[in-house]
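Before any comments, here is the structure.
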Ligand SMILES: *Cc1c(COP(=O)(O)O)cnc(C)c1O
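In my numbering, the protein residues as written are 34 to 462.
Structural data, given as structure tokens:
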């Protein structure tokens with residue numbers, strides 16, 4: 034948006050935010066979510082869908098339905114009704130596939146995120162000869178670093194040597210794609226696996242996953258992504274990009290509730306492979322012979338072959354309810370609103386013309402999703418506390434970052450205005 038003085042004043046006006054809401058084709062979805070109450074009895078301004086998405090109203094009924102079926106049918110719930118538990122995950126497989134740009138057989142809902150990352154590392158991190166390393170981004174989420182380091186150690190290797198970390202240039206907060214490509218061109222033959230996040234949790238940078246996959250494949254590396262902060266936030270085309278595997282949680286932008294069942298993608302190319310190791314369990318066995326209780330594991334084709342246990346139905350039910358809404362609205366409409374909403378928030382923050390914080394998330398919309406990360410050089414915690422006191426729910430990440438993520442499903446332009454207005458007051462103090 035251009036920002037002549039008049040434009041800036043108009044944008045800073047609450048009425049202008051409301052006029053944007055009045056034009057928003059997704060505005061009605063706000064009421065389909067439960068908004069927590071603040072101290073004044075009104076709803077808080079919730080900008081933390083990057084951490085835990087709000088509860089869709091339909092989630093409660095979805096869980097109650099399964100609890101009810103458990104009570105009335107007992108074991109029969111596995112076989113009876115429109116979505117029996119035995120094949121419950123099939124009922125939303127196609128919707129999950131759309132979220133990550135995959136074919137249905139390439140995705141499965143199972144376990145939780147870090148567990149899925151471990152399962153994928155077992156199959157796709159295969160150090161051999163001179164090719165022993167894993168390429169990660171600087172500032173990757175701690176769980177991913179712990180998982181990767183522990184897998185490296187489990188292979189008898191030293192993480193300080195085997196993990197190559199792509200660093201931003203001096204004085205820059207985010208990575209340049211050409212630098213990741215350069216690193217791969219230079220050291221690709223040492224690298225067994227490229228494992229980055231889709232969007233970095235701290236900076237909000239959306240990586241160019243297609244270019245990174247191409248660069249990794251050109252060097253003969255396996256390529257996998259953690260989509261925790263990108264699934265349900267930005268579009269993906271995992272199948273077409275030829276990514277080997279991906280994992281994601283469903284409680285952030287996918288609004289499926291705390292600890293909900295996670296997602297996993299394995300490219301079709303690996304659907305029938307029996308030459309790679311995997312940690313097996315009965316649920317990954319071919320369902321045609323699963324209940325024959327045979328001594329030898331016969332993997333199911335596709336991502337399903339990586340399942341270990343029978344799935345947690347009570348945490349899959351809200352995911353199913355939530356994905357129904359994604360189907361209804363479509364990712365294009367969500368992304369279109371998201372671009373406007375985050376862009377609007379960014380303009381409002383620029384208008385504050387303060388040096389109290391700096392937005393470190395890329396300004397390029399192709400390099401970010403919903404989230405804006407504010408680096409606060411001094412007293413970040415005090416600024417965060419001042420925002421909290423005004424009913425703004427954002428978060429603070431040590432040592433100096435405040436993250437705010439307006440989610441297009443349930444946040445309004447007025448929410449963005451409220452955040453910027455609270456910030457205006459807080460930076461004055
Ligand atoms: C949120 C998040 C996690 C959390 O992992 P869980 O196994 O779901 O607890 C891990 N990695 C990344 C990148 C995340 O953003």
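No residue lacks a Cβ here, since even glycine has one placed at the ideal position from N, Cα and C. Since we're looking at a predicted model, the values are computed, not measured.
Item                                                                                                                                           : Value
Cβ-based neighbour list, residue 173, same chain, cut-off 7 angstroms, excluding 5 preceding and 5 following                                   : 230
Straight-line gap, residue 138 to residue 298 (C-alpha atoms, nearest Å)                                                                       : 9 angstroms
Cβ neighbours of residue 164 in the same chain (closer than 7 angstroms, five flanking residues each side left out)                            : 222, 223, 224, 225
Between the CA atoms of residue 303 and residue 50 - distance to the nearest angstrom                                                          : 48 angstroms
Check: residue 403 C-beta below 8 angstroms from any heavy atom of ligand 1                                                                    : no
Range of the contiguous beta strand (DSSP E) that encloses residue 93                                                                          : No beta strand (DSSP E) holds residue 93; the alpha helix (DSSP H) holding it covers 90-106.
Complete beta strand (DSSP E) runs within the segment 126-184 (minimum length 3 residues, chain order)                                         : 140-143, 166-170
Residue 34 classed as buried or exposed, judged by whether at least 16 other C-beta atoms fall within 10 angstroms                             : Confidence at residue 34 is low in this model, with a pLDDT of 45, below 50, so its placement is unreliable and the value that follows should be read with caution. That one is exposed.
According to DSSP, residues forming a beta bridge with residue 78                                                                              : 425
Beta-carbon proximity list for residue 381, same chain, < 7 angstroms, skipping 5 on both sides                                                : 44, 45, 449, 450, 453
Sufficient close CB pairs (3 or more, under 8 angstroms) joining the segment 268-275 to the segment 326-334                                    : no
Local Cβ density within 10 Å of residue 278, reported as buried at 16 or more and exposed below that                                           : buried
Rounded distance between the beta-carbons of residue 133 and residue 339, thought under 8 angstroms                                            : No, residue 339 and residue 133 are not in contact; Cβ-Cβ is about 15 angstroms, not under 8 angstroms.
When 211, 200, 247 are compared against residue 20, the one with the closest alpha-carbon                                                      : Limits of the chain in this structure are 34 at one end and 462 at the other, which puts residue 20 out of reach.
Buried versus exposed, by CB contacts within 10 Å (16 or more), residue 248                                                                    : buried
Cβ separation of residue 416 and residue 393, assumed to be a contact under 8 angstroms, to the nearest whole Å                                : Not confirmed; about 15 angstroms, so no contact.
Where residue 329 falls: helix, strand or coil (DSSP)                                                                                          : coil
Beta-carbon gap between residue 88 and residue 168 smaller than 9 angstroms                                                                    : no
Meets three-Cβ-pair contact criterion under 8 angstroms: the segment 213-220 and the segment 186-195                                           : no
Through-space distance from residue 246 to residue 276, alpha-carbon basis                                                                     : 6 angstroms
Within 9 angstroms, strictly: CB atoms of residue 80 and residue 439                                                                           : yes
Local conformation of residue 408 per DSSP, three classes                                                                                      : strand
Local conformation of residue 430 per DSSP, three classes                                                                                      : strand
Contacts around residue 414, its chain only, beta-carbon distance under 7 angstroms, and the 5 residues preceding and following it disregarded : 429
Residue 392 - DSSP class collapsed to helix/strand/coil                                                                                        : strand
Any chain D beta carbon closer than 9 angstroms to residue 205                                                                                 : Of the protein chains in this structure there is only one, and it is not chain D.
Reference residue 197; option with closest CA among 110, 171, 343, 144                                                                         : 171
Per-residue DSSP class, three states only, for residue 206                                                                                     : coil
At least three beta-carbon pairs within less than 8 angstroms, the segment 117-126 to the segment 306-316                                      : no
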